Structure formats: C-alpha cells, structure tokens
Amino acid sequence: MLRSLNLWFAHASVCRYVPQSKKMTVYDLGLWAFRETIVRHELVRERLRKLLLANIRSERLGQLIDHNSMRCALNMLTELGGDGSSIYEEDFELFFLEDTCRFYRCESRLFLSEHSCPDYLRKIESRITEEMKRVPNYLHASTRPKLKHIVEHELISAHASTLIGSKKIGFSTLLKESEYKMDDLRRMYALFLQAPATLDMLRTALYEHARTAGRLLIIDQIKEPIGFVRSLLALRTKYKKVVYIAFQRETLAQKKLKEAFDSFLNADIRCASSLVAYIDELMRTGFKGSTESEVEHELDKVIVIFRYLQDKDIFEVFYKQYLAKRLLNRRSTSSEAERQMLAKLKSECGYQYTTKLEGMLTDIRFSRNTMEKYAAHQDRLPPTSEVRSNASGSESDTKESCDMEVTVLTSGYWPPQSIVSCAIPSHAAAAAGDFQSFYLEQHSGRKLTWLTGSGTAELKASFSATAKHELNVSTYQMCILSQFNKLNCRAELSLQEIIDVTKIPHIELKRHLVSLCTPKHRILQKKSKGKGLSNDDSFQVNELFLSKLKRIRVPLVAMREITPHPHQTDHIPAAVQEDRRHLCEATVVRIMKARKQAKHNDLIAEVTRQLNQRFYPQPQSIKKCIESLLEREYLERSSQDPRMYIYLA
Amino acid sequence: MAPKRKAAAKPASAKKAKKPAPKKPASPRGKAKPAAAAAPTQALDFATYADPEEGFVTFEGLEVLADRLGIDASSDTKLLALCWRLGAEKPGALSEEEWDRFASSPHLPTHGKPLTVQTLKAGWASLDPNFLDNAEFRPFFKFCFEFNREGTKRFLERDTALALLPLCIEDRSKHTLNFLEFLETKPEDFKINRDQWCSFLDFSLAVGPAPEFDGWDSEESSWPILIDEYVEFVQEKLKET
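As you go down the protein sequences, you meet chains A and B in turn. The numbering used here numbers the first residue of the first sequence as 1 and each following residue consecutively. The numbering used here numbers the first residue of the second sequence as 1 and each following residue consecutively.
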C-alpha cells in the first residue's frame, strides 16, 4: 500500500519541475486533491496511521523496519500540509506522541519495578539515544523537541523521586558507595540534566545525604576529636569527588555541599574544639619528619574545615589555650609549622584575628634571645660581684642559686593565668631575683610577675646512698619537696604546715601532693590510706623509693575539681560570651553614630553583617545589646516610630 | 504620686521599711496638716504646700491638696495630670517655678482665674487624661513613669509598676490584665525601665488583644524583650486552657 502511495508521490513531485508559476496552483490543487481524496479518505487515513505507528512500535521492540519508506511516507504527509492545516501534525504526530507517551509510561513502570535503578538508568540512556535517532531517520525535525520532552517526562521526571529515594540502589545508596558507583552517579546526573526540574531534587538529596552523614559522624565520633576530624576530612573528600565527577563540578551542587557541611558542623560547638585538638596533635607529633610541602598540604585541609565554622571566636579561644600549652611545655615539633598555621588563619580572617597568637610566638622567640643575653651576662660577671649579692639579697656568703630558664610572657596575649604566687625556696628565689634585675635593667618600666602555677624543676634526689635520681617535677612540687631538705630523714610534715610555708593555693596543693604519693611514683609517703588526702594528713620522704629509671618525670594526676577539659563542654565559654557582648554593643554604637538613626531591622542586619566574619550573632542577643544601650541612654526610640532608633550624642 | 505609698501598704509592705521616706519624718509642719474642712477659697500658694526643708512640694503636700480638693490622692490620675501640666521635672517634687505655672499654663483650670483651691476644684474634671488623644497621652504616660521614680533611679520597682500601670493606662490598653498577671510572675526585685514602660503603651496601641495579637510579628519584633516574653506568656497560658 505504501509503495503505491510512494509512486504516486514521486509522480507528483515530477510535476513540480514544470515551469513554476502556473504549476504552483496546479500543484497545490493537485496536492489538495490528493490529500482530500486519498490521504484523508476514511479507509486510507486510519490504516496509514496505524501502520506507521505499528512500525515504530516494532522498531522499539527491537525489530528492523524500513526506514526509507517511513521517511518517504512522513515526508509526504509533511508536504501535503499547507493553507493552515498540517497533515503531519494532525494525522500523525499527535497520535505518535500519545503512543510514545503510553509506551514509555508502561515500559518504565514495568522495568523499574523489576530492576534496580542503575540498570534502569542504563536502559533509559539507551532509549533516549534511540528516540533521538528516530528524528533524523524518518521523523520530521519539528517533532524532535516534543518527542524529547515526552521521553524525558515519562522516563525521568515521572520517576525522579523513586530513583532518588529507592531502596533498590537509589541515589542515596549510590552515594553511600560512591567510590564504586561513580559511573552510575554520573549517568544519573547526565540524565537528570536533560530534565532540569529534576536536578533540584537531586541536589537536595545530595544535601540531605551529606548532612545526615555528618550528623551521624558527630554522634559517633565526637568524643574522640582526632579520629573525628580524620573521618570528617575523609567524608568531605568523598562528597567532593561526587560533586566533581558525577555532578561535573556544577556550582549549585558545590553550594549545596557547602550548606550541608555548614549546617552540621555549626550545630555542635565541639566541632571547633575537635579541630583545635586535631591541629594540636599535628603540631606535637604528627609533623615529625614531614617535609614543608606535606605540612602545607595538611594545614590546607585543616583550613578547609575551619572555613565552615561560623563561630570563629570560639575556635580562637581554644586554639590559644592549646597553643599556650604547646609553647610553654616545648611540645611543638616545628615553629615553622606553627607560623604557617597562623599565616593561613590570618589570610582567612584578617590580621586582627591572629595578633595575639603571633604575639605568643614572638614572646617565645624573645625569651630565647633574652636567655642568651642573660647567659652571656652571667659569664661576664666576676664570681664575687656586688651586683650579685645585692640581687639575691641573702645574708649568707654562699651564693645559693641554680640554673634557671625563663620564658617572659606578655600578659595581654596569653590566656589568663592565675597569678597567685607561692613562696619559692631560696635557691630558686635567688636565681629568679638575678634574672629579674637583669631583665628590668634592659626593659625599665615593665613589671614581672612570676607564674608559679606553671613551670618545671629538675631536682637531684638522694633517697639513700645508692638510690640517686633526677626528678622532673612542677614548680609547686619543688616547693613542697624542698621543705623536707631542712628536716632530718624521718621527719614528717603535716598538710597544714606545708600550706603555711609554701602558700600554695589549696586545690592546687592537693593535686600536686597527691601526684607525689601515687603508687607509681611514691616519692612521699602519706599517712592516710586510699587515693585522697585528708585535712590532717602528714607526709614523709619515702626512703624505700625505687625506680629503674635515673631520670623520672612525675606526672600530675587529673582531678575532677579542676575545670573540665575544653573539649568536653558544649556551651560557649563565658569569656567568649562576654567578648561577644562587648563587640556587639560597640558595633551598634558605631553604626548608630554614623547613621544617626536606623530602623530596627536595618540595624540588626548591619550588625550581623559586620560581625559575621567572627561569629554569628543571634538576633535576640543583638536586641539585648540594643536594650542595654537604650537603658544607658546611648540610644532612644523615635517618638513617631517605635521601630526607629535615634543616636543620642 | 500617692500610689507609690499605697503600694507600700499593699501585701509587699516590707517595701515601706526599705524605701527611705523622701523627706525627714518628724518636722513640725503645723500648716501642712490643718483640719480637713478647709476654707474653699484657700489660696494655692507654694508656701502652703511646700516642705520648708526641701524647698519643694512633695507627696505629702500633694496629699494635703488632694484632701482639700476632696479627691483620693492614691487613685485619682488627675493629680498626676496636674503635676504633668505643671511640668514637674524631678520625681515626686514640684519647684516653686513649676508651681507658678498654675497661673500661666493654659491647660490648667486656674489659668486666668483666681489662684484658689476653689477654682481648681471647679475645673478639676478638665484635667482628666481621658480627654487626651493618643498622641497627647504618650508624653503623659511617660511622665507617670518619670514622676514615680525614686530620685535619680531609672526604673520602677515591680510592685510600684503593678499599682501604677493600671491606674495610668485606664482603658487605652486591652492588655492590661494579662500584662499585670505576667508581671506578677517576675521576682519581687524585678525592675521595669522607661523603655519597657513606654513601649507598653505603644504596644497596646499597635497590637491587638489576645489571642490573635494582630499586628504582632514575632520574627522581627523590635519591642523590648519584656514585651516579647509577655506575648509568649499569654500564648502559653492560652495553650494550657
């Protein structure tokens, strides 16, 4: 049947090549006649259409059909269109599209119910390619967009949420195993890209997945900060890969990932302190033997996490505490690494963020210089110098002194230290006095306060004729132990006596004393039994002290009364809250001074904007600051509009 | 204003012991406490009512005046309105200069008339704050706060506010009862500051009554936090019932 029609058509086209002008009308007439009488004839019309569609259907089911005759027939229908009616569209395309719709709706549903999502994705990928080929093969070009739309809709959009959420290896499952399933993820993205409305769903699913994974990680591992940060870095790498490879580095996907990390990292303050602990570990031991570029690489990863943190002021407080400990206890592997870290923090947050931290590093360096100068100064002094005996102030002739290494800290930079001084033994006092006069000569106008709560001492201890050891103890312990020097061997000292002479604060005293009485390092024997001390306890030197080591470092026991390790709290430290209040008020005053008046919402927005670099100010806190300023008459409300504030000069 | 003293007489009577009386207790002022039935044509002079040691007319003097006018000093807001119109600057005190405004202020019934208690009594009703429209009422309401402070303090004690607020605001607020209930939940040493006091009026004019609180925007509220807490309090209360 088709063939005969083809022949007829060929005949009609031959007629075309007869001189144009007249033949157009004849041609048109011919076409019209042909169309009305034959193509639109009841018998022909339906059959033609059914045949065409049946062919397409067969091809979809895998059979081969005659593309040529299909093309010719469809061309014919196209050509027959004109004067307002499109035969191709009305008699064929409409039905074709409907048919396509039904076919794919059916197929996709069936396939999806029986196969996994990745398989389904592969299938539709091939189907889409196939359909698109159909256009150049025999369909008219105008059908392409409509066909594309239907195919996308039936194959992708209609099933998007199933594909994402399905347990049969849906998007979520693929993400979980993203290492192995990158191809599938990539295919999914590429397909969804063709139906842009579904892409948003995909991105949201990515966000949800990352956020949930992050939250679980926190619940699981936050108690172990170092492990937590390592897992966190791994998590980030994993998702970054997904975005780069599967999502083709798409900006919106990157943004969603950032939002996900932002949200779970800032929900828990312990993330900030974990990061600090992780850096501490790197500085103390992790960087041993690393090259400069390795250090750089590690720190870069750390900074990536740092960027997500909203409350950068909390991070600073913790970092300062850890840094102080590292510096004072000489635990840093490399001062270069410390400097590198600060440089990175500075470029993230501006120089003000790191001035104090840098000041701490500088203090250490200066102290070393000072010590060198002091050593040179000591060497130059003749042994019976007047200066010396003046400085030590002791009445005896023997120059009791000891070697001392001093670190001078600028008080504004370091975390607050308690400055209650205890009474130190004369040797140490002499050395301290010497140094102090040397230092104050160099820097007149400064004031030195000795922080006896920190510091260590090395004592040579002879427990018996054979047992001689070097003990590395804290300053307080040195004070305690040297009290026994003046007494004979078996003498006892009561707790109260120790307090009276050394003037060490009670809680600290207990801690340092107990550390000297532990089973492992029983340097002193105490009368009371058990772990704790009683108030009327007394102590004596343990003559039977034994140890395999020559040099012994006496560790301090942890006591629960001491403030909890920063890592265990999940509240904002009080110092930070106070700091924020001041900053907030200062910012409000500054803004109002410049603007003279401002509406409530504008003021809140501007304050938030200015403080955001450092921390996120809750609108309620800003409001509290405003109210405080209202009460202190820095501001007032406008009488016309209670939402407007006016600056009172 | 007398309400302060009356509040001391109420349950929180411990307050009276705490607050020192604004002037010396035992000064002989025979002229300050004459017999109740005073001559109606008594002159309104400063000397009659002022406390000679302070040099001001204080709450005591005002009580005397109230007596003669036949009004209750603790509950009649017209007395407060009087002090307001006289432009009293210091809390609980009227200076001679301010007193002189009896003659000069057009808002007072004694303007252009003989300065006697009689005249004042005759025109007493004109002082009623209810005649003021909302715009005029605002400064008066603020004055109520200012005048009842203690010295240079910038707040009112909770109990003072509890007594004073309903008196001053009268019918202009639909929130009064709820707000008083809310204030009672605050501890005894709670203090209310000027911003909170004045905002209560503005709030009452801008935001509809419970439970809808029309015009209330919890997200972007620029009202003092006390007002926010008040709204929450009422909403919680309604949830429970």
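Beta carbons: idealized from backbone N, C-alpha and C, even for Gly. Given the structure is predicted, the values throughout are model-derived calculations rather than measurements.
Alpha carbon of residue i to alpha carbon of residue j, nearest angstrom
i: threonine 185 of chain B; j: cysteine 198 of chain B; result: 20 Å
i: phenylalanine 95 of chain A; j: arginine 122 of chain A; result: 27 Å
i: lysine 146 of chain A; j: isoleucine 56 of chain A; result: 16 Å
i: alanine 141 of chain A; j: lysine 133 of chain A; result: 11 Å
i: isoleucine 523 of chain A; j: phenylalanine 539 of chain A; result: 10 Å
i: glutamate 372 of chain A; j: glutamate 458 of chain A; result: 20 Å
i: leucine 199 of chain A; j: alanine 253 of chain A; result: 10 Å
i: threonine 587 of chain A; j: glutamate 578 of chain A; result: 14 Å
i: leucine 238 of chain B; j: leucine 226 of chain B; result: 18 Å
i: threonine 241 of chain B; j: leucine 183 of chain B; result: 20 Å
i: alanine 14 of chain B; j: aspartate 189 of chain B; result: Bear in mind that the predicted position of alanine 14 of chain B carries a pLDDT of just 35, short of 50, making it unreliable; the figure below should be weighed with that in mind. Cα to Cα, the separation comes out at about 12 Å.
i: threonine 518 of chain A; j: threonine 407 of chain A; result: 30 Å
i: glutamate 89 of chain A; j: histidine 159 of chain A; result: 28 Å
i: leucine 185 of chain A; j: serine 367 of chain A; result: 58 Å
i: aspartate 171 of chain B; j: arginine 270 of chain A; result: 53 Å
i: alanine 2 of chain B; j: lysine 90 of chain B; result: Confidence at alanine 2 of chain B is low in this model, with a pLDDT of 46, below 50, so its placement is unreliable and no value can be given for it.
Exposure label - residue i; buried when at least 16 CB within 10 Å
i: threonine 563 of chain A; result: A caution first: threonine 563 of chain A carries a pLDDT of 45, below 50, which makes its placement in the model unreliable, though a value can still be read off. That one is exposed.
i: tyrosine 189 of chain A; result: buried
i: lysine 596 of chain A; result: exposed
i: tryptophan 223 of chain B; result: buried
i: alanine 197 of chain A; result: exposed
i: aspartate 168 of chain B; result: A small correction: the amino acid at residue 168 of chain B is cysteine; aspartate does not occupy that position in the sequence shown. With 16 or more Cβ atoms within 10 Å of its Cβ, cysteine 168 of chain B is classed as buried.
i: aspartate 434 of chain A; result: buried
i: aspartate 214 of chain B; result: exposed
i: histidine 582 of chain A; result: exposed
i: proline 92 of chain B; result: Per the sequence presented here, residue 92 of chain B reads as glycine, with proline not at that position. Counting Cβ neighbours within 10 Å, glycine 92 of chain B comes out buried, since at least 16 surround it.
i: valine 243 of chain A; result: buried
i: histidine 571 of chain A; result: exposed
i: lysine 16 of chain B; result: Because the pLDDT at lysine 16 of chain B is just 39, under 50, the model does not fix this residue reliably, and the value given afterwards should be weighed accordingly. Exposed.
i: glutamine 118 of chain B; result: buried
i: arginine 380 of chain A; result: exposed
i: cysteine 106 of chain A; result: exposed
i: leucine 216 of chain A; result: exposed
Beta-carbon proximity of residue i to residue j, cut-off 7 Å
i: glutamine 477 of chain A; j: histidine 427 of chain A; result: no
i: valine 229 of chain A; j: tyrosine 278 of chain A; result: yes
i: tyrosine 634 of chain A; j: alanine 598 of chain A; result: no
i: aspartate 195 of chain B; j: leucine 629 of chain A; result: no
i: serine 231 of chain A; j: lysine 168 of chain A; result: no
i: phenylalanine 615 of chain A; j: aspartate 311 of chain A; result: yes
i: phenylalanine 287 of chain A; j: valine 276 of chain A; result: no
i: glutamate 470 of chain A; j: arginine 339 of chain A; result: no
i: tryptophan 414 of chain A; j: alanine 272 of chain A; result: no
i: leucine 265 of chain B; j: asparagine 148 of chain B; result: There is simply no residue 265 of chain B to check, as chain B begins at 1 and stops at 241 in what is shown.
i: arginine 211 of chain A; j: serine 166 of chain A; result: no
i: isoleucine 314 of chain A; j: valine 576 of chain A; result: yes
i: cysteine 479 of chain A; j: threonine 449 of chain A; result: no
i: proline 233 of chain A; j: lysine 181 of chain A; result: The sequence as given places leucine at residue 233 of chain A; proline does not occur at that position. The answer is no: Cβ separation not under 7 Å.
i: leucine 155 of chain A; j: tyrosine 104 of chain A; result: yes
i: proline 114 of chain B; j: glycine 123 of chain B; result: no
i: glycine 359 of chain A; j: threonine 291 of chain A; result: no
i: threonine 77 of chain B; j: proline 139 of chain B; result: no
i: alanine 260 of chain A; j: tyrosine 319 of chain A; result: no
i: phenylalanine 155 of chain B; j: lysine 191 of chain B; result: yes
Proximity test, residue i beta-carbon vs the ligand MG heavy atom, cut-off 6 Å
i: asparagine 130 of chain B; result: Absence of the ligand MG is noted for the structure shown, with no ligands found whatsoever.
Integer Cβ distance of residue i from residue j, believed to fall under 8 Å
i: threonine 116 of chain B; j: leucine 69 of chain B; result: Not a contact, Cβ separation roughly 11 Å.
i: threonine 333 of chain A; j: leucine 342 of chain A; result: In fact, because the Cβ distance is near 15 Å, the residues do not count as touching under 8 Å.
i: arginine 85 of chain B; j: serine 104 of chain B; result: That pair is no contact at about 11 Å.
Chain C contact for residue i (CB, 7 Å cutoff)
i: aspartate 195 of chain B; result: Among the protein chains of the structure shown, namely A and B, there is no chain C.
Query - Near-chain A residues of the segment 133–158 of chain B (beta-carbon distance less than 8 Å), N- to C-terminal order - result: Residues passing the 8 Å Cβ filter: Arg138, Arg154.
Query raised in the report: Going along the chain, which residues of the segment 216–234 of chain B sit with their C-beta nearer than 7 Å to a C-beta in chain A?
Result: For the segment 216–234 of chain B, the set of residues with a beta-carbon nearer than 7 Å to any beta-carbon of chain A comprises Glu220, Ser222, Pro224, Ile225, in chain order.
Query raised in the report: Going along the segment 606–623 of chain A in order, which residues come within less than 7 Å of chain B, judged by CB to CB distance?
Result: Lys623
Query raised in the report: If contact means a Cβ-Cβ distance below 8 Å, which residues of the segment 38–60 of chain B contact chain A?
Result: Of all residues in the segment 38–60 of chain B, none has a Cβ within less than 8 Å of some Cβ in chain A.
Report task. Residues of the segment 188–213 of chain B with a CB closer than 9 Å to any CB of chain A: list them in chain order, please. Result -> Asn193, Arg194, Asp195, Gln196, Cys198, Ser199, Asp202, Phe203, Ala206
Report task. Would you list, in chain order, the members of the segment 494–515 of chain A that have their beta-carbon closer than 7 Å to a beta-carbon of chain B? Result -> none
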